[in-house]
Each structure stands twice: as C-alpha cells, then as structure tokens.
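One structure is given below, encoded as structure tokens.
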Amino acid sequence: MRVILMTGKGGVGKTSVAAATGLRCAECGHKTLVLSTDPAHSLADSFDMELGHEPKQVRPNLWGAELDALMELEGNWGAVKRYITQVLQARGLDGVQAEELAILPGMDEIFGLVRMKRHYDESDFDVLIIDSAPTGTALRLLSLPEVGGWYMRRFYKPFQGVSAALRPLVEPLFKPIAGFSLPDNEVMDAPFEFYEQIEALEKVLTDNTQTSVRLVMNPEKMVIKESLRAHAYLSLYNVATDMVVANRVIPDVVNDPFFERWKANQEVYKKEIYDNFHPLPIKEAPLFSEEMCGLAALDRLKEILYGDEDPSQVYYKENTIKIVQEDGQYSLDLYLPGIPKEQIQLNKTGDELNVRIGNHRRNLVLPQALAALNPTGAKMEEDYLKIKFS
C-alpha cells in the first residue's frame with residue numbers, strides 16, 4: 004500500500020491538496036482512501052458531502068473518512084476506558100464527566116496511527132492519503148512509535164509483571180479502601196497490544212519506498228520557518244518527505260494595486276522555498292477566486308498540481324539516516340536540513356544515541372558496529388549531521 008501524509012501549518016490548504024491528490028489517484032485507477040485524522044475535520048467540507056468514521060465512496064475508486072476518536076476508543080481501548088471511568092466515579096465525578104475525562108490527552112493521535120495500521124493490514128486500498136493534523140500534532144503522531152517503545156521497554160513491561168504478581172495479594176485490601184478494583188489482565192494488556200501495533204507501523208512509516216510526507220505551505224515567512232523545522236524533525240524520526248506544495252500563490256493575472264506588495268513578498272518567499280527545500284520537487288498552486296469546496300473546484304486544483312502525472316509515485320527518495328565507513332572509522336549521518344549544530348544535543352547511553360532538537364527527542368538504537376564505540380565528534384555538512392565513532 005502507498006501511504007501519503009499531508010501536513011503543514013494550520014490553514015495552509017493541506018485538506019484541499021489531500022482531497023485533490025485523492026481524486027487524481029482514483030483517476031489513475033488506484034483504489035484510494037483519503038482519511039482525515041485532524042480533530043478539527045474539514046475533509047467533508049472539502050468534498051462538500053457528509054463523511055463519517057467508516058469509508059464512504061466519493062467517486063469511482065475514491066473513498067473518504069473522518070476519524071472518530073470516540074469510536075476508535077470504544078473499539079480498541081474499551082476495557083481501559085471503562086476502568087478509568089470506574090476510578091473517576093469512585094473519586095466523586097458523575098457519569099458524564101467521568102466518561103469525558105476517560106479520553107486521555109493525545110488519544111486521537113494514537114488512534115490515528117492504529118487506524119492507519121488497520122487499513123495497511125487489511126489491504127483494501129492501493130493508496131492511503133492521510134489528511135493529518137497541523138504540523139506540531141502530526142509530528143507528535145509520527146514520534147509515537149519511537150517514544151512509546153522507549154517507555155514500554157523501560158517501564159510498562161516491568162510494571163505489568165509486578166502488578167500481575169501482587170494483584171491477588173493486594174486486591175482484598177485495596178478495593179474496600181479505594182472504592183475500585185486494581186486493573187485486571189484485559190486492562191493491563193491493552194496498552195501493550197496498542198504498542199505492538201504502533202511498533203509494527205513504524206516499519207511502514209520509515210520505509211521511503213511506500214511512505215512519504217508532503218509538506219503544504221503558503222509563501223509566507225512564518226509558514227516557511229515552521230515547515231523547515233518540520234522537515235528537519237521528520238528526518239530525525241526517519242520519515243521521508245518527497246514533495247513540497249507551495250499553495251495559494253497569487254497569480255500573475257491579478258493586477259490590483261492592493262495585491263502589489265503581497266505579490267512582491269510572495270516572489271521573495273517562493274525563492275526561499277526553492278532554495279531551502281532543494282532538491283525536493285516543488286509544485287505550485289494558485290490562490291483561486293473561489294473556495295476550494297466541492298468536486299468541481301478540487302478537479303481544477305488536481306489538474307494544476309498533477310496534470311497527467313500519477314500522484315502515488317514517490318517523487319523523491321530521501322535518505323535520512325546513513326552509516327558510512329571510511330578509513331577504518333564509522334560515522335552516523337543524520338539528515339537535519341536547516342538545523343544549526345548548536346541546537347543539537349547528543350548523548351550516548353549503552354547502545355542508544357539520544358538526539359535532541361528543541362522539544363523533539365529521538366533515541367536511536369545503534370547497530371552492533373557502533374554500539375560498542377564512543378562518539379568522538381560531530382559536524383554539519385551539506386545538511387547532514389555527521390557523528391563520528393571510534
């Protein structure tokens with residue numbers, strides 16, 4: 004299955020680009036699903052038709068769906084939700100409040116991953132296009148396999164074993180005092196089963212032959228800056244970007260003096276996009292005179308973006324991690340475009356290399372060839388952070 008994730012700063016038009024890409028993929032004969040995982044859904048508005056949690060046919064070969072976190076919660080996390088509700092009710096909250104608070108922050112991102120994995124396993128579609136949340140939330144979604152694995156290995160599995168051993172001894176004393184039972188095996192197993200699904204999905208997300216991110220942006224200073232950071236963070240998580248879409252470019256036919264300065268600024272920022280994201284292919288889409296709402300409008304956007312091309316192709320195979328051996332010395336090369344070396348923090352513990360950039364952190368499990376060595380230096384060279392080991 005081909006997986007394409009559309010992301011970008013909120014309001015740049017990524018939903019319209021995702022929907023137009025789906026239309027063209029379907030035209031090319033690919034059975035295509037456009038799935039919105041953004042809590043503030045707008046995919047139904049883009050197609051101008053009602054969509055729900057389950058795929059609904061939009062056109063021949065094209066389906067659309069909007070993730071319902073509550074339905075995914077009940078289907079995949081029901082036992083945990085009921086247990087958390089029981090605990091909250093025992094602490095004095097009424098039924099409605101307890102039900103609402105049982106949905107923990109960040110669960111919609113987790114369910115977005117689980118939904119992706121389910122469609123991948125079922126293989127009902129040839130192309131899966133994810134209309135993801137704005138950039139920050141999307142990056143948290145993509146980092147979940149890495150972060151979840153770290154916590155599961157170090158904390159959850161040991162705690163699960165201790166809990167199973169102590170439960171028969173502690174339960175008779177615990178329930179009369181607390182007012183609720185200790186979690187049973189079904190509740191304790193659910194998070195680890197979730198983690199196993201997410202860990203398996205990581206192999207799909209980091210395979211640049213079948214999964215790509217497409218960054219949608221407008222030619223504006225703040226949007227470009229955020230997109231550059233997003234590109235670097237995606238590389239940190241070994242997720243490849245294969246295209247940039249510069250959206251809402253004011254067309255040349257607009258000669259109104261009101262837009263003169265806007266057009267001049269956009270020319271400067273378009274050059275920045277081409278310079279900063281090279282060698283990624285960059286497509287431009289104009290600012291239309293009407294809303295991108297409905298199939299007729301999306302058809303126009305689709306023609307401008309892709310023409311006769313098949314959007315399901317991999318436009319650029321980005322290599323985000325390389326291990327190089329030269330003159331008897333190893334180096335680990337991380338593709339971190341646009342990130343100054345002074346913003347990067349490195350720390351090696353055992354067979355793991357911890358890389359931190361701002362609020363984003365990744366623990367790289369090193370191959371055996373590097374695990375026994377010590378990092379001796381690092382430098383930025385052609386957007387790669389080259390970490391030497393000896």
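Everything in the sequence shown is counted per our numbering, starting at 4 for the first residue and increasing by one.
Heads up, the beta-carbon is just placed ideally off N, CA and C, and yes, glycines get one too.
- In the three-state reduction of the DSSP assignment, Ala136 falls in the coil class.
- In this structure, Pro314 and Arg27 form a Cβ contact; the two beta carbons are roughly 5 Å apart against a cut-off of 8 Å.
- Counting the other Cβ atoms within 10 Å of the Cβ of His281 gives fewer than 16, which makes it exposed.
- Nearest C-alpha to Asn221 among Asn250, Thr209 and Glu199: Asn250.
- Looking from the CA of Phe50, the closest CA among Ala29, Thr18 and Asp124 belongs to Thr18.
- In this structure, Lys351 lies near Pro378, with their beta-carbon atoms less than 7 Å apart.
- For Val358, the enclosing beta strand (DSSP E) has its first and last residue at Glu355 to Ile360.
- Nearest C-alpha to Lys206 among Ala233, Met119, Asp255 and Trp265: Met119.
- By the C-beta density criterion, Ser126 is exposed, having fewer than 16 other C-beta atoms within 10 angstroms.
- For His56, the closest of Ile360, His44, Thr24 and Leu70 by C-alpha to C-alpha distance is Leu70.
- Between the beta-carbon of Phe114 and that of Glu75 there is about 4 Å, and that keeps the pair under the 8 Å contact cut.
- Across the set Arg264, Arg364, Glu306 and Ala101, the C-alpha of Glu306 shows the shortest separation from the C-alpha of Val20.
- Between the alpha carbons of Gln316 and Ala372 lies a gap of roughly 34 Å.
- Here Phe262 is not near Ile276, since their CB atoms are 7 Å or more apart.
- Counting along the chain, Lys273 sits inside the alpha helix (DSSP H) bounded by residues Glu263 to Phe280.
- In this structure, Asn211 and Lys320 form a Cβ contact; the two beta carbons are roughly 5 Å apart against a cut-off of 8 Å.
- Taken atom to atom, the span from the alpha-carbon of Ala243 to that of Ile133 is near 15 Å.
- As the crow flies, the alpha-carbon of Thr10 is around 13 Å from that of Val37.
- For Leu70, there is no enclosing beta strand (DSSP E), as DSSP marks it with neither H nor E.
- Taking each of Met295, Leu356, Val327 and Ile342 in turn and checking the Cα distance to Gly14, the smallest one comes out for Met295.
- Here the C-alpha atom of Leu239 lies approximately 26 Å from the C-alpha atom of Glu287.
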